[in-house]
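Protein chains: 2
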Amino acid sequence: MTITTQEDLSRTIEDALRRRFSERSVAAAEYGDEFATLWRLAADHVLGGKLIRPRLLLDVHRALTPGSSAQGAEVAIELAADIELLHFAFLLHDDVIDGDLIRRHRPNLIGSLAGIEGDHAAATDADLHWARSGAILMGDLLLSSAILGFSRAAVSAGTRVRLLDLLEHVVLETVAGEHTDVGLSDGVIRPDLQRILAMTAYKTATYSFALPLRAAAILADAAPAVESSMVEIGRHLGLAYQLQDDHLSVFGDHAVHGKDAHADLRSGKETAIIAYARMTSEWSSIEPRFGQGDLLPDDAARIRQLLIRCGAESFIRSLVDDQLTAVHEALENGDGTSGIPEAARLAIVAVARSIEGRRR
Amino acid sequence: MTITTQEDLSRTIEDALRRRFSERSVAAAEYGDEFATLWRLAADHVLGGKLIRPRLLLDVHRALTPGSSAQGAEVAIELAADIELLHFAFLLHDDVIDGDLIRRHRPNLIGSLAGIEGDHAAATDADLHWARSGAILMGDLLLSSAILGFSRAAVSAGTRVRLLDLLEHVVLETVAGEHTDVGLSDGVIRPDLQRILAMTAYKTATYSFALPLRAAAILADAAPAVESSMVEIGRHLGLAYQLQDDHLSVFGDHAVHGKDAHADLRSGKETAIIAYARMTSEWSSIEPRFGQGDLLPDDAARIRQLLIRCGAESFIRSLVDDQLTAVHEALENGDGTSGIPEAARLAIVAVARSIEGRRR
Numbered sequence: 002m003t004i005t006t007q008e009d010l011s012r013t014i015e016d017a018l019r020r021r022f023s024e025r026s027v028a029a030a031e032y033g034d035e036f037a038t039l040w041r042l043a044a045d046h047v048l049g050g051k052l053i054r055p056r057l058l059l060d061v062h063r064a065l066t067p068g069s070s071a072q073g074a075e076v077a078i079e080l081a082a083d084i085e086l087l088h089f090a091f092l093l094h095d096d097v098i099d100g101d102l103i104r105r106h107r108p109n110l111i112g113s114l115a116g117i118e119g120d121h122a123a124a125t126d127a128d129l130h131w132a133r134s135g136a137i138l139m140g141d142l143l144l145s146s147a148i149l150g151f152s153r154a155a156v157s158a159g160t161r162v163r164l165l166d167l168l169e170h171v172v173l174e175t176v177a178g179e180h181t182d183v184g185l186s187d188g189v190i191r192p193d194l195q196r197i198l199a200m201t202a203y204k205t206a207t208y209s210f211a212l213p214l215r216a217a218a219i220l221a222d223a224a225p226a227v228e229s230s231m232v233e234i235g236r237h238l239g240l241a242y243q244l245q246d247d248h249l250s251v252f253g254d255h256a257v258h259g260k261d262a263h264a265d266l267r268s269g270k271e272t273a274i275i276a277y278a279r280m281t282s283e284w285s286s287i288e289p290r291f292g293q294g295d296l297l298p299d300d301a302a303r304i305r306q307l308l309i310r311c312g313a314e315s316f317i318r319s320l321v322d323d324q325l326t327a328v329h330e331a332l333e334n335g336d337g338t339s340g341i342p343e344a345a346r347l348a349i350v351a352v353a354r355s356i357e358g359r360r361r
Numbered sequence: 002m003t004i005t006t007q008e009d010l011s012r013t014i015e016d017a018l019r020r021r022f023s024e025r026s027v028a029a030a031e032y033g034d035e036f037a038t039l040w041r042l043a044a045d046h047v048l049g050g051k052l053i054r055p056r057l058l059l060d061v062h063r064a065l066t067p068g069s070s071a072q073g074a075e076v077a078i079e080l081a082a083d084i085e086l087l088h089f090a091f092l093l094h095d096d097v098i099d100g101d102l103i104r105r106h107r108p109n110l111i112g113s114l115a116g117i118e119g120d121h122a123a124a125t126d127a128d129l130h131w132a133r134s135g136a137i138l139m140g141d142l143l144l145s146s147a148i149l150g151f152s153r154a155a156v157s158a159g160t161r162v163r164l165l166d167l168l169e170h171v172v173l174e175t176v177a178g179e180h181t182d183v184g185l186s187d188g189v190i191r192p193d194l195q196r197i198l199a200m201t202a203y204k205t206a207t208y209s210f211a212l213p214l215r216a217a218a219i220l221a222d223a224a225p226a227v228e229s230s231m232v233e234i235g236r237h238l239g240l241a242y243q244l245q246d247d248h249l250s251v252f253g254d255h256a257v258h259g260k261d262a263h264a265d266l267r268s269g270k271e272t273a274i275i276a277y278a279r280m281t282s283e284w285s286s287i288e289p290r291f292g293q294g295d296l297l298p299d300d301a302a303r304i305r306q307l308l309i310r311c312g313a314e315s316f317i318r319s320l321v322d323d324q325l326t327a328v329h330e331a332l333e334n335g336d337g338t339s340g341i342p343e344a345a346r347l348a349i350v351a352v353a354r355s356i357e358g359r360r361r
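For the record, the sequence lines run as chains A and B. Each residue of the first sequence is one higher than the one before, starting from 2 at the first, in this note's numbering. Each residue of the second sequence is one higher than the one before, starting from 2 at the first, in this note's numbering.
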C-alpha cells in the first residue's frame, strides 16, 4: 500500500478504526440494543478525531523505513489505530472525572448518551449516571482493545517485548499524570509551576507524542539512540502542544478552536498560565473570579487582561517557543548525531511547525 | 514448586500479587506522594480478597496436569494473579458506578481514599471526587496490568492466541453485563427474569468462573471438548454463586457475610429475587419500600417476609439448586464424555459444594 497525501493517510487510519468497530459491532449487538447503541455512538465519536497521534506514528514510520514492505506498513497502521483507541479511552475517563459534556461545539460521547443538545441543563441526574457509566465501561473496552492490539501485532518476539514494555510505561505515566491533574483541581496537590509542567508531560506528552514516535522507531527497528531521542522529542512536542492548548483556551478565538469558551477559567483549571500568575501581584485581583462556575464574559475578559498585564500570557508563549527550540536541538543533537534520518527529521519538524501556528 | 494445601495455594497467589505491586511501587513513587499512596492502598485492598478466581484456576490446572513442570506451574500462578487484578479492576469501576464505599464491614478503596471510617457522611463531595477519580485510574492501571500479564505469559504462540482471544471475549462480555446491570438500576432496561439471568451470567459468571476454568484448560493444552465443557460449567457455577450472593444479601446474616445490611433492598437492586416478586400479587406491598435510600430495619424485615410469602425466596433457592445440578450434569455430560479427568472433576465439585453451603 502506498500512502501519498495527508488526506490518504487520514483515510487509511479511519478505515482501520472503522474495521475495528464493525468487526465487533456484531458481537456487541448480541448483548442488547442499549449496548449496541453505546458501541455505535462510540464509533461515531472516535471517527470524528483529528488523528494527530496515529498520523505522527505513520509519518515517522514511513520516513524511517523508506523501502518498507506492505506487511510492515500494515502493522504500523494497526498500531496507529490502537494508539487512537487508547487516546479515546483516556479522553472518556477524563471527561467522566472532569464532568465534561461538550467537545468542539458538540456533545461528547457522554453528552450524546445523556441526550443533551448543547444544553447541559436538559440532562437529569439519572441520564448523566447512565451516560457516565457507559463512558467508564466503553473506556475499559477501548483500553483493553488497544493493549490487545499491541499484544497481537505481527512482529518478532523481541519487537513485541519492546512494544509491550513501552505501552506499560506509557499507561502508568499517563495515569500518574491524570491523577496529579485531578489532585491539582481538587486542591489536594499544591499548584506550582514545576509540578504542573511535570504533570503535563506525563499526562499528555508521553502517550500523545512520545508513544507514537517510539513505536515508529521500534517498528522500524531503529537504533536505541534513535528511540532515546524520540523520548526527548516527544516530551518537548507534547509540552509545546499542551501549553499552546492552554493558551488557546484562555486567549484564543473560541469560534475557531471550538472549545467551550472560558471553560478553563470557569472550572479553575491549574495550568502553567495560572501557576505563573499566582506568583505575581495581579493574582489578588484574578483570584476572586478564577474558578467561578457562573463566570460572565466580562469577568473572563477582565481575567484575560490581568493575565496579559502580569506577564503570564507572554511567559507561556515563551515556554512554547522554548519547547519547540528544544525539539530542533534534540533533532540535531548538537552535532547532528541524533541518528534520526533526514526524512524523519523533516516529518517531525512539520509537526513542530503545525503546533507553532496552531489556532485550533 | 509443590503446592499441597489450600493455605499454601492462597499464600502462593498472595506472594505473586505482592510481587506485582512491589515491582511497580518504586516506579509509582517517582510520580509523587499522592500516587504512591494510591498504589499502596490498592495493594492493601487487593491482598484482602478471598482469591476465589485464582484458586479455581490453580486447582483445576493442577488437576489437569498431574506431572506438570515447575515452569508450567509458574505460568499458571502468574495468570491466576492477573485474573485477580482483572477482578479488582472491575470491582473498582463497579464501586464508582454504584457509589459504594463499603465492602465486608470495611471501607473499600474509594472509602479509604476518601478517609471515611465506616461513616459515609464524613466524606465531603471533594473527598469523594478525589477518591472516585483515583479508583477510575487505578482500575485502568490494573486492567492494563492484567491484559499485559496475559500478553507476556511464557507460552507457545498458539497458546497465547487462545488466551488473548479468551480474554478479549471475557472483557467484552463482562462490560456488556455491567452495562445491562446499570441499565436495569437506572430504569433504562425493563427488569424481567430472563434479562436479569443473562446479565448475571455475563457480568459475573464469565470472568469469575468460565475465565479461570478455560484458562486452566488452555494452559494444560486440554482437548477443545474440555474447554467447551468449561464454558458451560463456568456459567452454571457463576449463576449459582451470584444467585446465592443475592439471596445472602437479603436473607442472610449480615454479621456473618459482612455486606452492608439491606444494601440491595435500599439501593433497589434488580435481582432475580425481585424479578420473581414483581410477577406476584405481593409486589404492590413491596414496591413502596423497595429502593428507599432511608429504608429502616423494620421495613427491611417486612420486605423479607413478603419475599418469602410470595415464593421469591424459595424460587431463588431452587434456581441455585438447578444451576448446581447443571454443573454436575455438565461434568458427567450424560454419559461421562465431558473429557474432564477425574481429578479436575473433583476440584470443580468441591467448588460447587462450597457455593451450596455458602454463608458469607
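Ideal Cβ positions, reconstructed from N, Cα and C, are used throughout, including at glycine.
Beta bridge counterpart(s) of residue i as assigned by DSSP
i, result
"residue 107/B", "104/B"
Limits of the unbroken alpha helix (DSSP H) element including residue i
i, result
"residue 56/B", "53-65"
"residue 200/B", "194-201"
"residue 355/B", "343-357"
"residue 42/A", "34-47"
"residue 81/A", "71-99"
"residue 378/A", "Any question about residue 378/A goes unanswered here, given that chain A covers just 2 to 361."
"residue 381/A", "As displayed, chain A neither begins before 2 nor continues past 361, which places residue 381/A out of reach and without an answer."
"residue 268/B", "264-268"
Residue i - DSSP class collapsed to helix/strand/coil
i, result
"residue 151/A", "helix"
"residue 306/B", "helix"
"residue 2/A", "Bear in mind that the predicted position of residue 2/A carries a pLDDT of just 49, short of 50, making it too unreliable to give a figure here."
"residue 293/B", "coil"
"residue 256/A", "helix"
"residue 208/A", "helix"
"residue 117/A", "coil"
"residue 187/B", "coil"
"residue 146/B", "helix"
"residue 222/B", "coil"
"residue 125/B", "coil"
"residue 237/B", "helix"
"residue 248/B", "helix"
"residue 381/B", "Outside the displayed range of chain B (2 to 361) lies residue 381/B, so it cannot be described from this structure."
"residue 139/B", "helix"
"residue 231/A", "helix"
"residue 340/A", "coil"
"residue 315/B", "helix"
"residue 68/A", "coil"
"residue 283/A", "coil"
"residue 271/A", "coil"
"residue 50/A", "coil"
Pair within 9 Å by beta-carbon distance, residue i and residue j
i, j, result
"residue 89/B", "residue 143/B", "yes"
"residue 207/B", "residue 174/B", "yes"
"residue 61/B", "residue 256/B", "no"
"residue 156/A", "residue 164/A", "yes"
"residue 221/A", "residue 66/A", "yes"
"residue 153/A", "residue 251/B", "no"
Check distances from the C-beta atoms of the stretch 133-151 of chain A to those of chain B and list, in chain order, the residues that come in under 7 Å.
Answer set for the stretch 133-151 of chain A: 134, 135, 137, 138, 141, 142, 144, 145, 148 and 149.
Could you run through the stretch 160-186 of chain A and flag, in chain order, every residue whose CB is less than 7 Å away from some CB of chain B?
Cβ contacts with chain B come from 165, 169, 172, 173, 176, 177, 179, 180, 181, 183 and 184.
The stretch 83-99 of chain A: positions lying closer than 7 Å to chain B by Cβ
Within the stretch 83-99 of chain A, the residues whose Cβ lies closer than 7 Å to some Cβ of chain B are 94, 97 and 98, listed in chain order.
Give the residues from the stretch 289-313 of chain A that approach chain B closer than 9 Å (Cβ to any Cβ), ordered along the chain.
Answer in chain order: no residues at all.
Just by C-beta distance, which residues in the stretch 46-63 of chain B are closer than 8 Å to chain A?
Residues passing the 8 Å Cβ filter: none.
Name, going along the chain, the residues of the stretch 186-199 of chain B whose beta-carbon falls closer than 9 Å to a beta-carbon of chain A.
Correct list: 186, 187, 188, 189, 190, 196 and 199.
Could you please tell me which residues of the stretch 30-46 of chain B, in chain order, have their CB closer than 7 Å to any CB of chain A?
Listed in chain order, the positions of the stretch 30-46 of chain B with a beta carbon within less than 7 Å of a beta carbon of chain A are 32, 33, 35, 36 and 39.
Contacting positions in the stretch 199-228 of chain B - beta carbon closer than 8 Å to chain A
So the list reads 203, given in the order they occur along the chain.
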